[in-house]
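So the working numbering is basically just the index in the sequence shown, starting at one, shifted up by 79.
Report on the structure given below.
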Amino acid sequence: MTFREKILATANGECSKNGVKLYFGTGKWIEESAGLYCRGFFNPFLPKLAVATGNKEWELILAHELNHLRQWSEKSWAWKNYERSEGISSDVIVHEKKVPYNKFLQSVWTTLKLEKDCEDRTSKMLKSMGYSQRKLGEYIQKANAYVLYYLEFLKTRNWCESSNVPFENPKVWKYFPKNFDYDIPKTFNRLEHLYAKNS
Numbered sequence: 080m081t082f083r084e085k086i087l088a089t090a091n092g093e094c095s096k097n098g099v100k101l102y103f104g105t106g107k108w109i110e111e112s113a114g115l116y117c118r119g120f121f122n123p124f125l126p127k128l129a130v131a132t133g134n135k136e137w138e139l140i141l142a143h144e145l146n147h148l149r150q151w152s153e154k155s156w157a158w159k160n161y162e163r164s165e166g167i168s169s170d171v172i173v174h175e176k177k178v179p180y181n182k183f184l185q186s187v188w189t190t191l192k193l194e195k196d197c198e199d200r201t202s203k204m205l206k207s208m209g210y211s212q213r214k215l216g217e218y219i220q221k222a223n224a225y226v227l228y229y230l231e232f233l234k235t236r237n238w239c240e241s242s243n244v245p246f247e248n249p250k251v252w253k254y255f256p257k258n259f260d261y262d263i264p265k266t267f268n269r270l271e272h273l274y275a276k277n278s
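What follows is the structure in structure tokens.
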């Protein structure tokens, strides 16, 4: 089986097992909620896992969202903590709501930890499916540029524009770790200048 066949078979099986609708859009973006567009999402309330297949390597997006499904189905610590603060970060991103700093701080850190756990799971899934070692190293670097961007978001309260995503810009992601075993604040402090420099 090819990598695509493996990830599709896994997604179909786990979505069916957990009663989750699996949806594939043909464009580059999917509307998750009013005004919020993304390349893929997992929503446990619908429940639905959706991926925009108009993107290069959309299978990686599917793998990422599939691991959010696993966090949810396993009732993982990261998911349970996220459920308690859900919506605050997206309220700031999409609706530009004024949220008290302490609540915003807690929400951002909770989301960051959820995403870091998800990316760690995803990298292990990719490795188990025979994904190229070189490409896996790049995936992890991009994932870390994404995860740590939440701390930049905490500083600016502005999410990146879809036309200039730092975790797709090699001038940014190539400097990030190739593993998930790092000190979050120290690594961000060392690399945060890359976000502003290439924004």
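Each residue gets a CB set at the ideal place from its N, CA and C atoms; glycine is no exception.
As the structure is a computational prediction, the values presented were derived from the model and not from experiment.
Tell me whether residue i sits in a helix, a strand or coil according to DSSP, three-state version.
| i | result |
| --- | --- |
| V226 | helix |
| T81 | coil |
| N91 | helix |
| V178 | coil |
| G216 | helix |
| T132 | coil |
| S241 | coil |
| Y261 | coil |
| K250 | helix |
In the DSSP assignment, what are the bridge partners of residue i?
| i | result |
| --- | --- |
| K127 | K100 and N122 |
| L115 | S112 |
Give me the Cα-Cα distance between residue i and residue j, rounded to the nearest whole angstrom.
| i | j | result |
| --- | --- | --- |
| A275 | L233 | 14 Å |
| G92 | E247 | 30 Å |
| S95 | L125 | 14 Å |
| S112 | F121 | 12 Å |
| F255 | F267 | 9 Å |
| N160 | V187 | 11 Å |
| P123 | T89 | 18 Å |
| A157 | G98 | 21 Å |
| K206 | T235 | 35 Å |
| P264 | Y102 | 36 Å |
| M204 | E144 | 12 Å |
Do the CB positions of residue i and residue j come within less than 7 Å of each other?
| i | j | result |
| --- | --- | --- |
| Q185 | S164 | yes |
| A142 | I219 | no |
| L215 | V251 | no |
| N146 | T201 | yes |
| G104 | A131 | yes |
Out of the options, which has the shortest C-alpha to C-alpha gap to residue i?
| i | options | result |
| --- | --- | --- |
| K195 | F120, K107, Y228 and F124 | Y228 |
| E231 | S241, W108 and P245 | P245 |
| W238 | W252, S278 and N146 | S278 |
| F259 | S155, I109, E240 and L193 | L193 |
| V226 | K257, G133 and E198 | E198 |
| K107 | R118, L101, P264 and E84 | R118 |
| L139 | P249, K221, Y261 and K177 | K221 |
| R149 | K127, P179 and S242 | K127 |
Can you tell me whether residue i sits near the ligand GDP, meaning its C-beta is under 6 Å from at least one heavy atom of the ligand?
| i | result |
| --- | --- |
| Q150 | Ligands are entirely absent from the displayed structure, and the ligand GDP is therefore not among its contents. |
Could you tell me whether the Cβ of residue i comes closer than 7 Å to any Cβ of chain C?
| i | result |
| --- | --- |
| S186 | The structure shown contains no chain C; it is built from a single protein chain. |
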